[in-house]
Amino acid sequence: MATRYIQAATKQLAPAYQTQINAAQSQIPAIQQLYQTLMQGLTGYQQTENQNILEGAGGRGLLRSTIPVDQQTVLGQQVLGKQAEYGMQQGQQLGDIYKQIAGLNVDKAKGIADLGLNMQQNDLQQAQFKYTKQQGDRMYRLSKAAAQRGY
Amino acid sequence: MANIVVVGQRAANQAYNPAIQQAQAQVPAINNLYSTLLQGLQNQSGSQLQNVLTSADQRGVMRASQPASTQEALNSSLMQAGAQLGAQQAQGIAGVRSIAGQGEAQRAVSAQQLVQGLTAADIAAQENKYKLQEITRSDEINTIKNQVQEAKANARAAAAAAEAAKGQELESFLSNHEASFIKLMGGDGKVSPETFGQAFQVWKSKGLPESAFLEKYKGYINNSHIQDYIAQIRK
């Protein structure tokens with residue numbers, strides 16, 4: 000397909016698809032910020048809870064015991080599990096957005112190709128009629144001249 | 000063609016612009032909503048924190064870590080809630096902007112489809128008009144042919160009539176011509192060389208052959224001075 004039809008179709012369609020792509024992309028920083036905050040919150044929570052465990056043990060006179068350590072270990076595992084869960088959710092959400100963007104790019108390419116073909120067919124129809132008319136006009140002039148000469 | 004493009008674009012704009020603008024108009028409202036929610040959250044967090052500190056003071060809690068831990072927990076909770084709201088806000092805005100973008104894409108496609116339809120209709124109208132013109136032209140050429148044929152026939156008829164008239168005229172001329180010779184001949188039954196020459200010129204003016212004149216009127220020549228007659232017809 001001639002480049003000019005692709006260029007014309009791109010000019011018409013690309014901005015509309017870019018709006019949608021930009022809209023999808025605009026969510027990424029907010030999602031990243033959300034999970035970063037959640038991760039930070041987990042870290043703070045872990046620190047606070049560890050402190051509470053130690054203070055609680057100290058308050059009950061447990062100076063050196065495996066109980067606070069076991070509790071801290073369990074807490075740590077819980078936090079790790081939550082971090083993994085957050086990581087998976089973030090990955091999934093970002094993945095969905097990237098997939099959406101990829102789909103939009105595919106739709107954009109197809110839309111531009113279809114639109115360009117449509118424009119080309121339009122021009123072709125007009126060119127065909129113009130040619131038919133030119134040929135018809137030429138035959139008319141020849142026939143008329145021949146008729147006037149008696150042929 | 001340019002007019003068709005304008006018409007198509009205008010129609011598509013009328014169809015899709017209201018929905019696109021409506022979608023875009025939601026963005027400020029969404030921003031306002033989440034700004035209000037975040038402000039409320041911050042106010043609530045501030046009140047909760049104040050309550051914690053006041054409660055700690057009232058209970059005589061001197062250990063510094065507890066209010067501080069509580070403050071950290073409240074702040075962390077606020078940040079998380081704020082981040083959650085931020086993500087929701089971004090999602091909401093992205094949603095309406097995506098709807099607007101979809102509308103813009105559909106508008107562009109619809110405009111081109113309208114242009115294609117209008118162009119096809121325009122071309123069909125032009126083709127019909129041209130077909131009518133071709134019928135008219137065909138009639139015109141047939142008329143010309145008939146006129147030329149008729150003119151040829153008339154010319155042939157006129158030529159034939161002219162030929163017939165010429166023949167009649169010639170027959171009349173010949174009859175009168177000989178009668179004149181008879182009137183102009185002398186007692187010897189001959190005409191003078193001058194009369195012979197004049198009669199020959201009249202004969203020639205009718206397009207008749209010279210040999211036929213000599214053959215027909217040689218009897219009117221005085222052979223004793225034939226050269227005089229020849230000189231007259233040679234003038």
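Protein chains in written order, with numbering that gives the first Met the number 0: chain A, 0 to 150; chain B, 0 to 234.
Note that the Cβ used here is the ideal one computed from N, Cα and C, for glycine as well.
Computed from a predicted structure; not experimentally measured.
Check                                                                                                                                                                        : Outcome
If I measure Cβ to Cβ from residue 52 of chain A and keep anything under 8 Å in the same chain, skipping five residues before and after, which residues do I get?            : 67, 70, 71 and 74
Report all residues from its chain with a CB closer than 7 Å to the CB of residue 143 of chain A; omit the five preceding and five following residues, and keep chain order. : none
So, with DSSP's three-state summary, where would you put residue 96 of chain B?                                                                                              : helix
Anything in chain B within Cβ reach of residue 30 of chain A, meaning under 8 Å, just list it in chain order.                                                                : 86 and 89
Is the segment 47-62 of chain B in contact with the segment 102-115 of chain B, if contact means three or more CB pairs nearer than 8 Å?                                     : no
I need the DSSP call for residue 68 of chain A, collapsed to helix, strand or coil.                                                                                          : helix
From which residue to which residue does the alpha helix (DSSP H) around residue 3 of chain A run?                                                                           : 2-24
Indicate whether the contact test is met: 3 or more Cβ pairs, each with one atom in the segment 75-85 of chain B and one in the segment 36-45 of chain A, closer than 8 Å.   : yes
What's the gap between the Cα of residue 136 of chain A and the Cα of residue 127 of chain A?                                                                                : 14 Å
Are there 16 or more other CB atoms within 10 angstroms of the CB of residue 3 of chain A, so buried, or fewer, so exposed?                                                  : exposed
For the segment 1-14 of chain A, enumerate the residues whose C-beta is nearer than 9 Å to any C-beta of chain B, in chain order.                                            : 8, 11, 12 and 14
Nearest CA to the CA of residue 34 of chain B: which residue from B:73, B:89, B:4 and B:3?                                                                                   : B:89
Could you give the residue range of the alpha helix (DSSP H) that holds residue 213 of chain B?                                                                              : 209-216
Helix or strand or just coil, what does DSSP make of residue 122 of chain A?                                                                                                 : helix
Closer than 7 Å by beta-carbon distance: list the chain B residues that pair up with residue 139 of chain A, in chain order.                                                 : 136
Taking the Cβ atom as the reference point for each residue, do residue 29 of chain B and residue 98 of chain B lie within a distance shorter than 8 Å?                       : no
Can you tell me whether residue 181 of chain B is buried or exposed, with buried defined as 16 or more other CB within 10 angstroms of its CB?                               : exposed
Could you work out which residues of chain B lie near residue 33 of chain A, taking near to mean beta carbons separated by less than 7 Å?                                    : 82, 83, 85 and 86
Secondary structure at residue 233 of chain B, three-state DSSP: helix, strand or coil?                                                                                      : coil
Is it a yes or a no for the segment 182-202 of chain B touching the segment 217-231 of chain B, going by three-plus beta-carbon pairs under 8 Å?                             : yes
As a quick exercise: from A:122, A:21 and A:115, pick the residue whose alpha carbon is nearest that of residue 96 of chain B.                                               : A:21
Chain B beta carbons: is any one of them nearer than 8 Å to that of residue 97 of chain A?                                                                                   : no
By the criterion of Cβ-Cβ separation under 7 Å, what are the contact partners of residue 85 of chain A in chain D?                                                           : This model lacks chain D altogether, as its protein chains are A and B.
Select from B:188, B:124, B:179 and B:152 the residue whose C-alpha is nearest the C-alpha of residue 202 of chain B.                                                        : B:179
Determine, using beta carbons only, whether residue 100 of chain B comes closer than 8 Å to chain A.                                                                         : yes
From which residue to which residue does the alpha helix (DSSP H) around residue 196 of chain B run?                                                                         : 192-204
Along chain A, which residues have their Cβ under 8 Å away from the Cβ of residue 92 of chain B?                                                                             : 22 and 25
Rounded to a whole number of angstroms, what is the C-alpha to C-alpha distance between residue 49 of chain A and residue 79 of chain A?                                     : 14 Å
In the structure shown, what three-state DSSP assignment does residue 132 of chain A receive?                                                                                : helix
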